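These notes are about the structure you will find just below.
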Amino acid sequence: MPEVKVRKTLVQVETILHEGGPAPEVPQKRAAAMAVIENPYAGGYVEDIQPFMKDLEPLGAEMAQMCIDALGGDASVIEGYGKGAIVGVNGEIEHGALWHVPGGYAMRDSIEKSMAIVPSTKKVGAAGTRLDVPVTHTNASYVRTHYDAVEVGVPDAPRPNELVLVLVMTTAGRIHARIGGLTKDQVKGEDGLR
Amino acid sequence: MKLRKIVTLVEETRTEMGREVSPPARRSLAAAVIANPFAGVWAEDLSELIETGEALGKLLGDEALAALGCAATDVEGYGKAALVGELGELEHAAALLHPKLGAPLRTVIGGGKALVPSSKAIGRAGEILDVPLGHKDAAYVRSHFDGMRLRISDAPRPGEIVVAVALQRTGRPLPRVGGLTHDEIEGADGLR
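As structure tokens, then:
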């Protein structure tokens with residue numbers, strides 16, 4: 000099993016007070032944890048890459064905790080999540096897909112109400128590539144106020160043989176959400192959708 | 000001060016070129032997105048921005064220190080920068096950064112003899128801002144010449160300014176270009 004070699008981590012937190020409209024009493028917070036790791040499959044086609052998903056589980060748990068800590072340490076305030084990966088240019092998009100399972104379940108294991116699928120995105124790119132990580136409600140994908148996205152990136156990563164792995168958590172919906180639809184108070188919490 | 004958002008970054012480098020960085024190199028940044036009260040108009044007197052700079056020295060210093068996650072006395076370096084939206088002028092950045100921001104920032108970290116290295120620019124939303132870093136008590140410490148990059152996709156809007164403060168717990172990940180080191184400083188004149 001390939002070893003997970005972490006070069007660096009970057010945690011980004013946004014505290015959004017308003018966007019030109021009435022400021023809510025509590026600002027929206029959005030945290031992203033990023034880890035830059037070596038891509039064990041860079042440079043050539045490898046058929047069986049699945050074992051690496053298991054190897055990534057401890058890093059996923061560490062990154063989920065980094066997000067929670069950055070938002071104050073209480074997982075019960077988390078309302079939205081998302082995940083993503085940027086694959087250095089000596090890798091392939093499929094290497095980024097390895098993050099779906101360990102990244103998603105790391106967050107769902109640490110957030111009690113998390114029946115919803117974790118939205119995600121990934122791309123191949125050079126160092127400094129930015130990624131717009133989609134965000135939806137943790138317990139019901141159709142909560143319209145929580146459709147959001149957080150832009151992330153690491154200036155010096157991914158190098159060609161690296162992966163940037165990303166987890167995102169938010170404490171609220173968009174700051175001036177007002178386009179109707181399902182709200183968090185109406186969530187049934189049975190199927191992860193509504 | 001009309002504050003729209005705060006962004007913090009904290010970076011930890013654990014390895015570089017396969018070599019362990021021990022202790023890991025850590026640096027943090029806190030940035031505020033504020034309305035520019037003088038966007039699109041000439042103002043001779045910039046004292047409103049000077050006062051805002053003083054408030055931001057404390058606010059951003061506190062935020063950056065919390066993100067760095069160490070004792071104030073463990074901070075080894077600092078830096079500051081501002082990015083003015085297209086309806087402002089470079090002098091607005093100067094008003095925020097130079098007259099009053101430094102003193103409250105130094106108070107947050109328990110002092111600092113060296114000049115706070117700085118940078119400023121005018122740019123659009125999503126422009127990259129390079130925030131310089133240098134040793135807080137001796138500007139010539141070569142291992143601590145560093146910088147952090149900030150990009151906020153939605154700021155500064157034309158009538159806004161992004162103001163950033165960066166702190167470093169250590170110097171660069173694996174410094175090896177010689178010069179004055181952290182352990183050799185006299186810390187008397189802010190230079191050596």
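Note that the protein sequences, when read in sequence, are chains A and U. Residue numbering for the first sequence follows numbering that gives the first Met the number 0, starting at 0 and increasing by one per position. Residue numbering for the second sequence follows numbering that gives the first Met the number 0, starting at 0 and increasing by one per position. We put the beta carbon where it would ideally sit given N, CA and C, even for glycine. Please read these numbers as outputs of a predicted model, since none were measured by experiment.
With a threshold of 16 other CB atoms inside 10 Å of the CB of residue i, please say whether the residue is buried or exposed.
i: Ile92 (chain A); result: exposed
i: Gln27 (chain A); result: buried
i: Thr72 (chain U); result: exposed
i: Gly52 (chain U); result: buried
i: Pro50 (chain A); result: exposed
i: Gly87 (chain A); result: buried
i: Val25 (chain A); result: exposed
i: Gly43 (chain A); result: exposed
i: Gln11 (chain A); result: buried
i: Val176 (chain U); result: exposed
i: Pro118 (chain A); result: buried
i: Asp182 (chain U); result: exposed
i: Ala31 (chain A); result: buried
i: Gly72 (chain A); result: exposed
i: Lys1 (chain U); result: exposed
i: Leu114 (chain U); result: exposed
i: Ala74 (chain A); result: buried
i: Ala63 (chain U); result: buried
Among the options, which one has its Cα closest to the Cα of residue i?
i: Ala140 (chain U); options: U:Gly17, U:Lys112, U:Arg156, U:Leu128; result: A quick correction: the sequence has Val, not Ala, at residue 140 (chain U). Among U:Gly17, U:Lys112, U:Arg156, U:Leu128, the Cα nearest to that of Val140 (chain U) belongs to U:Lys112.
i: Leu166 (chain U); options: U:Gly109, U:Ala94, U:Leu95, U:Leu86; result: U:Gly109
i: Pro157 (chain A); options: A:Leu166, A:Asp54, A:Ala171, A:Met33; result: A:Met33
i: Cys66 (chain A); options: A:Leu192, A:Val167, A:Glu13; result: A:Val167
i: Gly122 (chain U); options: U:Pro172, U:Ala80, U:Cys69, U:Lys1; result: U:Ala80
i: Ala102 (chain U); options: U:Ala70, U:Glu50, U:Cys69; result: U:Glu50
i: Asp145 (chain U); options: U:Gly68, U:Val9, U:Leu67, U:Gly76; result: U:Gly76
i: Glu88 (chain U); options: U:Lys4, U:Arg148, U:Ile5, U:Gly158; result: U:Gly158
i: Met147 (chain U); options: U:Glu10, U:Ile5, U:Lys4, U:Val6; result: U:Glu10
i: Lys194 (chain U); options: U:Phe37, U:Leu55, U:Glu47; result: The requested residue 194 (chain U) does not occur in the structure, where chain U is confined to residues 0 to 191.
i: Gly78 (chain U); options: U:Arg191, U:Pro172, U:Gly186, U:Arg168; result: U:Arg168
i: Tyr104 (chain A); options: A:Ile85, A:Thr137, A:Asn89, A:Ala171; result: A:Thr137
i: Arg85 (chain U); options: U:Arg156, U:Gly170, U:Leu8; result: A small correction: the amino acid at residue 85 (chain U) is Glu; Arg does not occupy that position in the sequence shown. Comparing Cα-Cα distances from Glu85 (chain U) to each of U:Arg156, U:Gly170, U:Leu8, the minimum goes to U:Arg156.
i: Ala38 (chain U); options: U:Ser118, U:Pro23, U:Ile184, U:Val83; result: U:Val83
i: Ser109 (chain A); options: A:Leu97, A:Trp98, A:Glu78; result: A:Glu78
i: Leu16 (chain A); options: U:Ala34, U:Pro23, U:Pro22; result: U:Ala34
i: Val3 (chain A); options: A:Asp184, A:Tyr40, A:Ala96; result: A:Tyr40
Checking the sheet assignment: what are the DSSP bridge partners for residue i?
i: Ser27 (chain U); result: U:Val9, U:Leu166
i: His134 (chain U); result: U:Gly76
i: Gly101 (chain U); result: According to DSSP, Gly101 (chain U) bridges with nothing at all.
i: Tyr80 (chain A); result: A:Thr135, A:Met168
i: Val153 (chain A); result: A:Ala156
i: Gly146 (chain U); result: U:Pro131
i: Met195 (chain A); result: With chain A represented from 0 up to 193, any question about residue 195 (chain A) goes unanswered, as that position is not in the structure.
i: Gln27 (chain A); result: A:Ile15
i: Glu15 (chain U); result: U:Arg18
i: Ile147 (chain A); result: A small fix is needed here, since residue 147 (chain A) is Asp in this sequence, not Ile. Looking at the DSSP assignment, Asp147 (chain A) forms a beta bridge with A:Val134.
Below 8 Å, can you find three or more Cβ-Cβ pairs linking the region 37–44 of chain U to the region 14–22 of chain U? Because the criterion of three Cβ pairs below 8 Å is not met, the region 37–44 of chain U and the region 14–22 of chain U do not touch.
I'd like to know if the region 144–155 of chain A and the region 121–134 of chain A are in contact, where contact means that at least 3 CB-CB pairs between them fall below 8 Å. Cβ pair count under 8 Å is three or more, so yes.
If you pair each beta-carbon of the region 43–60 of chain A with each one of the region 169–185 of chain A, do three or more pairs fall below 8 Å? Segments in contact, no.
Given 8 Å, three or more beta-carbon pairs between the region 85–94 of chain U and the region 125–134 of chain U: As far as the Cβ criterion goes, the region 85–94 of chain U does not touch the region 125–134 of chain U, which means the pair count is below three.
Selection of the region 152–171 of chain A by Cβ proximity to chain U, strictly under 9 Å: Against chain U - using a Cβ distance shorter than 9 Å - the residues of the region 152–171 of chain A are Gly152, Val153, Pro154, Asp155.
Are there three or more Cβ pairs, one per stretch, closer than 8 Å when the region 21–37 of chain U is compared with the region 56–64 of chain U? Short answer: they touch.
At a CB distance below 8 Å, what residues from the region 3–16 of chain A approach chain U? Give them in sequence order. Within the region 3–16 of chain A, the residues whose Cβ lies closer than 8 Å to some Cβ of chain U are Lys4, Val5, Arg6, Lys7, Thr8, Leu9, Val10, Gln11, Val12, Glu13, Thr14, Ile15, Leu16, listed in chain order.
Residues of the region 49–71 of chain A whose Cβ lies closer than 7 Å to any Cβ of chain U, in chain order: Taking 7 Å as the Cβ-Cβ cut-off against chain U, none of the residues of the region 49–71 of chain A qualify.
Residues, ordered as in the chain, of the region 16–37 of chain U that lie near chain A by beta-carbon distance below 7 Å: In summary, no residue of the region 16–37 of chain U has a CB separated from any CB of chain A by less than 7 Å.
Residues, ordered as in the chain, of the region 17–28 of chain A that lie near chain U by beta-carbon distance below 7 Å: Cβ contacts with chain U come from His17, Glu18.
Mind listing which residues of the region 85–117 of chain U have their C-beta closer than 8 Å to chain A's C-betas, in chain order? Listed in chain order, the positions of the region 85–117 of chain U with a beta carbon within less than 8 Å of a beta carbon of chain A would be empty, since no residue qualifies.
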